Each structure stands twice: as structure tokens, then as C-alpha cells.
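Participant:
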Amino acid sequence: PARYFDTKTTEPISFFLSGLEELLAWQPSSNDDFNVSAVPLAKRQPPLHSRRPRTLVCHDMRGGYLEDRFIQGSATLNPYIFYHWRYIDIFVYFSHHTVTIPPVVWTNAAHRNGVPVLGTFITEWTDGEKMCEAFLAGGEEAYGAVAEQLARIAQHYRFDGWLVNIENTLSAAAVGNLPPFLRDLTARVHSAVPGGLVIWYDSVLKDGTLKWQNELNDKNRVFFDACDGLFTNYNWKEEQLEHSRRLAGPRQDDVYVGIDVFARGDVIGGGFDTDKSLRLIRQYGLSTAIFAPGWVYEHLGKENFLQNENRFWASLAEYLPTHSICTLPLATSFSLGMGTSTFLDGKDEESGPWYDLSAQEIQPLYPEQQGRLSTSCCLQDAWRGGSSLRLQGTIPPGEERVAVRLFSLQMPAPPKLFLTLLYKLEGLQPDDFTVALEVTTWDSRTCLEGNPTSLPEPNGRHHPRFLPAPPPGLAKLLAACHRGSHGWTSRCYELELQDCTLRDLSVIVSRQQTSPQETSFTCLLGEVRVLDTASLAASPPQVHSVTASQLWWQ
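What the sequence shown shows, in the numbering used here, is residues 1 to 554, in sequence order.
Right, dumping it as C-alpha cells:
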């Protein structure tokens, strides 16, 4: 069927639903299998419902379902991707189709990085009015059927809920049933999807008129009270932030103040001035919804996209609380889910562009220090996948080393950790530098490294012990310990901890001797792994009952 498979190539594709009939007729089908997310939502700290301002990103690009609709990837040069997952809380896939089911590649990438994904349910214009009349004015049975279908769709495709956007006027009967519809939808989503969410977009008012308020107020509060949050329109002024905060009370984190990165209308800042809007929003302790950050790609062009994207998110980083990884194993080769070549064990196996967000790996923090350090993606060389992580910086005069924080962690340390690192120093004299991993732990009197007679490390910094060869029994898994090739250096480490809580994983670049001059370095990271030794010894679960279907021989 054309909905599920591309008519030109027969490849499986992601799809949307148009109109009420398609929504009510939807049933799970055997053609759906490709569209079901295969990646469970990773745990992270702090969890979504902790009391701190959140960041929602709403992705809206040229109508949606572009190259990202190809579930098994495509040969796209310079595609749009998103990878600053550590800085955001919720990802919304937006389009103007009635029921926007997020393409599964986005759900997979977001979930791997601990971010829930929402689809969009939208009605607009005169068709929207007719549709709302049909299901809202129709009473409890009619709107209950729509709520039930939306919850079933999220559960079936394994994404995390809905942004609801009613952008048309409503009759008295329809608007009267809107709050009960939202309450019903929210309850069904919560019960069908663990951690599920329903967020309302600031559009229609409690009297049925369509008038964007740019704030939470008495005219739209009834909808905010019926679901998990309000996403405001973009043309707000500072006093409206104060109104919203006052009215939201203890739920101020559930008010997502909209910022249109394209800066349409009368706004405080968009583009590279988005930080001006964000600074104000955070001064009032509110959450934010960053709409169409694809501006970086659409407005500035695809050629320098990765560079511009890093610049854009670095300009906001001060106002974006980050998230910690709280489960092991942690293993990543930093692949973005795209590339100009495909690498395996440091070798360019296949030249040519590719794009598949499902293949994006866990993404690190992207720390920037003006003039001292920059972190970016390198497509020209990688250990595995399509890219490596490039660290560029300077070691100041008189100092020996610089630390680059890759991940913040928040979990009890197992008694014994194995860590692996693959790196490549670029430039003239790689022998002038050493590269190693550092683990920090939260300050605690009980936390000890190694055996009980050892002293606590000052300021919780631990330098894992270098292993020249993997321990017996783990040689196969940790083959990387002595397998650097194609210019990559491989390192294996061991760290024993007692009663500690992990805090940060950093890479330390040191020069062999201190110098009165500053020294520049460029280091590519190909892979980092942090493994709990105890779980490595356990044998992996066996796979049973494999079936193959829909084979197509060429």
C-alpha cells in the first residue's frame, strides 16, 4: 500500500493521517512493523517531571515527511539533523496534516538520548471547523472515540503523546466539550503510554473565538487545567510572562513560552538573537518551546549547517539545563545518523552520502569555551558510522592539560568499571600529547577508589588504571583495547570504586611538558565506552523465533 511503502522504490516510509475519517478508521496493520519505534525511552536525570524549567523543541520544516520519511535511510547529502539532545526535554514533530505521526527515525534517535517525542493533532480553517463540529459538538461518544484513537496510535507506534492545536473558531457546543475532550485524551495517553504527555497550543479561547493570547490567562486557562501544559504563541511581551507565572502558580514549569526562531511578527528575538527571548523567559522561571530551530538549516543553508548549528545552540546553552545519563552501559561512537562515507574500524568502507537518524548514537554535551575549546562533528574521519567528535583547543601557557566534559552522569558507581577510548591526534607532533579518560564522583566521605585502605581522591577526580590488554574472558568484547588501526589509538582502563556516585566523564588532553607558550591541539574521538564489569560477565539474552516476511529479491 502506498501509505506504507514508497511507490518508486518500495521502501518502507513514515506517514500521516488526513481528516477525521482516516483517524477513526485507523487500525494496526501488518504493514506497520517498520513504523514502530524499536528504541525504548532511555532514563535520564533529572526526570521530566522534576521542578525546573524545561525546553521543548518543535520541529517544523517545509511540511514535514521529507527525507526523514525513509525508515531505512536514504542517500541524502547534507540533510537536516538534530543532536543537542542533552539540552532539551521534549521533541515535537509538527506538520499541518490532521494527525502527524512522528517519523520513526526521529523517535528512535530521541529515545536513545532520553527525550520523549510528541506528534501533532491539528484542525484549522473551515475544514477544521467542520471536523471539530463533527467530533466535539457530537458529544462524549464522538470525542471519546477520537481520544481513544489518538492514545492507541501513540501506544502502537511507541511515541510519547500529542501537541493539540485547534486553530479555528468553535461553536458553543464544540467549545463546551473541548476541556472534557482534553481531560479524556490526557487520561488515556497517561494510561496507554508510560510518561505520556498532552500539551495544548495557545489558539482558541473558552468562548470559541480564535485569538492567540501569547500568555496563560483566564480565557485559555480551562485548557491548561485539562492537560499537561500550554505552549504559548510567540508575540509576547515581558509583562505577559509575569501574568503567566502568577496564574500558573505551582505549575509554572508547565507553561512553555513560544519562541519562533524565524522571528515572524512582533517578537523579542529569533535567529542568533533567540537568547534574548530565552533569557527573559528564564528570568520568570518558565519553560520554553523553541519553534522551527531548522531556521539554521533553511535560512543559512545546508553547506555550513553543522558549524552554524553548534553556534546556535552554544548561544543558548547558558539557559538550557542539561541532562545526565543514569544507566550503564554507556557506549557511543558519536555518529550523527548521517555521513559522506561509512566507516568501520577506522576504515572508509563505502564513500557516498547517507542519512538515517535511527543510526544516530548517544550524543555528548557540546562544550564551548570562547577561544579555548570547541567541540564539533567531523565527517571526514570516523571509527564507526559516519562521524567522530572533534575536540579543538589550546592549553594555556604554564598549564599541563585541558579537560573536556563529554557526559554528566548521575548513578551509583558499580564496584568495578571498564572504560575504553579510541582517539586520533591530528597535526604535526602527536607524541607531544597524551589523551586519557577522567571520571569524577560526587563529593562524599564514603567514596573510595580501589581498596579500603586507599584515601579519598581530592575533589572526586579518578584516573582509571590503564590496561595494556583486556582481562581474560573479556578479550572478545574488549578487542578494541589493542586494536587501534588507520591511525587510531586505542586505550582500555579499569576503575574500582566503593560507595561512590558517578558525576562526569571527561577526556583529558595533556602535553608531555609544560611550556611558556600556549599549545593548540586537535583530537578526534572515535568511541567511548563505560561498562559495568559485573554485567559483562552475564551472557546476553538469546534471540528466539525470528521470522522473515515481505521479501523482495532484486
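Glycine included, each C-beta is placed from N, C-alpha and C at the ideal position.
Here the structure is a predicted model, which is why all the values come from computation and not from measurement.
Bridge partners for His462 per DSSP, in chain order?
Facilitator: Locating residue 462 in the sequence shown gives position 462, counting from the first residue. Per DSSP, Val439.
Participant: For the candidate residues Ser74, Ser203, Asp225 and Gly208, whose alpha-carbon lies nearest to that of Asn233?
Facilitator: Translated into positions along the sequence shown, residue 233 becomes position 233. Out of Ser74, Ser203, Asp225 and Gly208, Ser203 has the C-alpha closest to the C-alpha of Asn233.
Participant: Just reading off the alpha helix (DSSP H) that Glu368 is part of, what are its end residues?
Facilitator: Position 368 of the sequence shown, counted from the start, is the residue given in the question as residue 368. No alpha helix (DSSP H) contains Glu368, which DSSP labels as neither H nor E.
Participant: Grab the span of the alpha helix (DSSP H) containing Tyr4 for me, first residue to last.
Facilitator: Position 4 of the sequence shown, counted from the first residue, corresponds to residue 4. Boundaries cannot be given for Tyr4, as no alpha helix (DSSP H) includes it and DSSP labels it neither H nor E.
Participant: Just list the alpha helix (DSSP H) runs in the region 12-42, keeping only unbroken ones of 4 residues or longer that don't cross its boundaries, in chain order.
Facilitator: Counting whole runs of 4 or more residues, the region 12-42 contains the alpha helix (DSSP H) stretches 19-25.
Participant: Taking DSSP as the reference, what is the three-state secondary structure of Asp125?
Facilitator: By 1-based counting over the sequence shown, the position of residue 125 is 125. Per the sequence shown, the amino acid found at residue 125 is Trp instead of Asp. Three-state DSSP puts Trp125 in a helix.
Participant: Where do the N-terminal and C-terminal ends of the alpha helix (DSSP H) with Val296 fall, by residue?
Facilitator: Position 296 of the sequence shown, counted from the first residue, corresponds to residue 296. Taken as a continuous stretch (DSSP letters only), the alpha helix (DSSP H) holding Val296 covers Trp295 to Leu300.
Participant: Tell me the DSSP secondary structure of Val99 in three-state form.
Facilitator: Position 99 of the sequence shown holds residue 99. Val99: strand per DSSP, three-state reduction.
Participant: How would you call His544, buried or exposed, if buried means at least 16 neighbouring beta carbons within 10 angstroms?
Facilitator: For this step, residue 544 is matched to residue 544 along the sequence shown. Burial call: exposed.
Participant: Once DSSP output is grouped into helix, strand and coil, what is the label at Ile281?
Facilitator: Position 281 of the sequence shown holds residue 281. Correct three-state label for Ile281: helix.
Participant: Please go through the region 488-545 and give each complete alpha helix (DSSP H) segment of 4 or more residues, from N-terminal end onward.
Facilitator: 533-537
Participant: Looking at the unbroken beta strand (DSSP E) that takes in Arg405, where does it start and where does it end?
Facilitator: Position 405 of the sequence shown, counted from the start, is the residue given in the question as residue 405. Its beta strand (DSSP E) spans residues Arg401 to Pro412.
Participant: Taking Cβ to Cβ, would you say Leu409 is nearer than 7 Å to Tyr493?
Facilitator: Start at 1 with the first residue of the sequence shown, and residue 409 comes out as number 409. Start at 1 with the first residue of the sequence shown, and residue 493 comes out as number 493. No; because the gap between Cβ atoms is not below 7 Å, this pair is not in contact.
Participant: Whole angstroms are fine: how far does the CA of Pro28 sit from the CA of Gly386?
Facilitator: Your numbering for residue 386 matches position 386 in the sequence shown. Your numbering for residue 28 matches position 28 in the sequence shown. Spanning the two alpha carbons is a distance of roughly 34 Å.
Participant: Would a C-beta distance cut-off of 7 Å place Thr440 and Arg465 closer than the cut-off?
Facilitator: As a working mapping, residue 440 is identified with position 440 in the sequence shown. As a working mapping, residue 465 is identified with position 465 in the sequence shown. No, Cβ-Cβ distance for Thr440 and Arg465 is not below 7 Å.
Participant: Report the three-state DSSP secondary structure of Pro353 (helix, strand or coil).
Facilitator: Here residue 353 refers to the residue found at position 353 when the sequence shown is read from its first residue. In this structure, Pro353 counts as strand in the three-state DSSP scheme.
Participant: May I ask you to report which of helix, strand or coil DSSP gives His49?
Facilitator: As a first step, residue 49 must be located in the sequence shown, where it is residue number 49. Correct three-state label for His49: coil.
Participant: Between the alpha carbons of Thr120 and Leu330, how many angstroms are there, rounded?
Facilitator: Numbered from its first residue, the sequence shown carries residue 120 at position 120. Numbered from its first residue, the sequence shown carries residue 330 at position 330. Between Thr120 and Leu330, the C-alpha separation is close to 32 Å.
Participant: Taking the alpha helix (DSSP H) that Phe305 belongs to, which residues open and close that run?
Facilitator: As a position in the sequence shown, residue 305 is number 305, starting the count at 1. Unbroken alpha helix (DSSP H) run through Phe305: Phe305 to Leu316.
Participant: Which residue marks the beginning of the beta strand (DSSP E) containing Thr340, and which one marks its end?
Facilitator: In the sequence shown, counting from the first residue as 1, residue 340 sits at position 340. It spans Met338 to Leu344 - the beta strand (DSSP E) in which Thr340 sits, taken as one unbroken run.
Participant: Just tell me which of Ala109, Leu56, Asp68 and Val105 has its CA closest to the CA of Gly229.
Facilitator: For the purposes of this step, residue 229 is taken as residue 229 along the sequence shown, with counting starting at 1. For the residues Ala109, Leu56, Asp68 and Val105, the minimum Cα distance to Gly229 belongs to Leu56.
Participant: First and last residue of the beta strand (DSSP E) that includes Gly258?
Facilitator: In the sequence shown, the residue the question calls residue 258 occupies position 258. Val255 to Asp260 is the span of the beta strand (DSSP E), which, as asked, contains Gly258.
Participant: Spatial neighbours of Pro103 within its chain, please: CB distance less than 6 Å, with the 5 preceding and 5 following residues excluded, ordered by chain position.
Facilitator: Counted from its first residue, the sequence shown places residue 103 at position 103. So the qualifying residues of the chain are Ser14, Asp68 and Arg69.
Participant: Alpha carbons only, please: which of Arg511, Asn108 and Thr274 is nearest the one belonging to Ala403?
Facilitator: Within the sequence shown, residue 403 is the residue found at index 403, counting from 1. Selected option, being the one with the closest Cα: Arg511.
Participant: Quick one: what does DSSP say Ala331 is sitting in, helix, strand or coil?
Facilitator: Position 331 of the sequence shown, counted from the start, is the residue given in the question as residue 331. If DSSP states are grouped into helix, strand and coil, Ala331 belongs with the strands.
Participant: May I ask you to report which of helix, strand or coil DSSP gives Ser287?
Facilitator: Here residue 287 refers to the residue found at position 287 of the sequence shown. Here DSSP, grouped into helix, strand and coil, assigns Ser287 to strand.
Participant: Residues in the same chain with beta-carbon distance under 6 Å from Thr446, minus the five sequence neighbours each way, listed in chain order, please.
Facilitator: Looking up residue 446 in the sequence shown gives position 446. Contacts found: Asp499.
Participant: Once DSSP output is grouped into helix, strand and coil, what is the label at Val189?
Facilitator: Position 189 of the sequence shown, counting from 1, holds the residue named residue 189. Of the three classes helix, strand and coil, the one that applies to Val189 here is helix, per DSSP.
Participant: So Asn165 is in the beta strand (DSSP E); what residue range does that whole segment cover?
Facilitator: Within the sequence shown, the letter at position 165 stands for residue 165. Where Asn165 is concerned, the enclosing beta strand (DSSP E) stretches over Gly161 to Glu167.
Participant: Out of Gln392, Gln550 and Asp207, state which residue places its alpha-carbon closest to the alpha-carbon of Ala173.
Facilitator: Reading the sequence shown from its first residue, position 173 is the one you call residue 173. Among Gln392, Gln550 and Asp207, the Cα nearest to that of Ala173 is on Asp207.
Participant: Taking the C-alpha atoms as reference points, what is the distance between Leu421 and Ala226?
Facilitator: As a working note, residue 421 is residue 421 in the sequence shown. As a working note, residue 226 is residue 226 in the sequence shown. Near 49 Å, if we compare the C-alpha coordinates of Ala226 and Leu421.
Participant: Hey, how far is the Cα of His463 from the Cα of Pro414?
Facilitator: Counting from 1 along the sequence shown, the entry for residue 463 is found at position 463. Counting from 1 along the sequence shown, the entry for residue 414 is found at position 414. If I take the Cα positions, the gap works out to 16 Å.
Participant: Is DSSP giving His243 helix, strand or coil here?
Facilitator: By one-based count along the sequence shown, residue 243 stands at place 243. Looking at His243 - three-state DSSP - the assignment turns out to be helix.
Participant: List the whole-angstrom C-beta distance separating Ser617 from Gly63, where the pair is believed to meet the contact cut-off of C-beta under 8 Å.
Facilitator: The chain is shown only over 1 to 554; residue 617 falls outside these bounds and no answer can be derived.
Participant: Hey, is the region 341-348 in contact with the region 84-91, meaning 3+ C-beta pairs nearer than 8 Å?
Facilitator: With the cut-off at 8 Å, the region 341-348 and the region 84-91 do not touch.
Participant: What residue does the alpha helix (DSSP H) around Glu148 start on, and which one ends it?
Facilitator: Residue mapping note: residue 148 aligns to position 148 of the sequence shown, counting from 1. Run containing Glu148: Glu140 to Tyr157, per the alpha helix (DSSP H) assignment.
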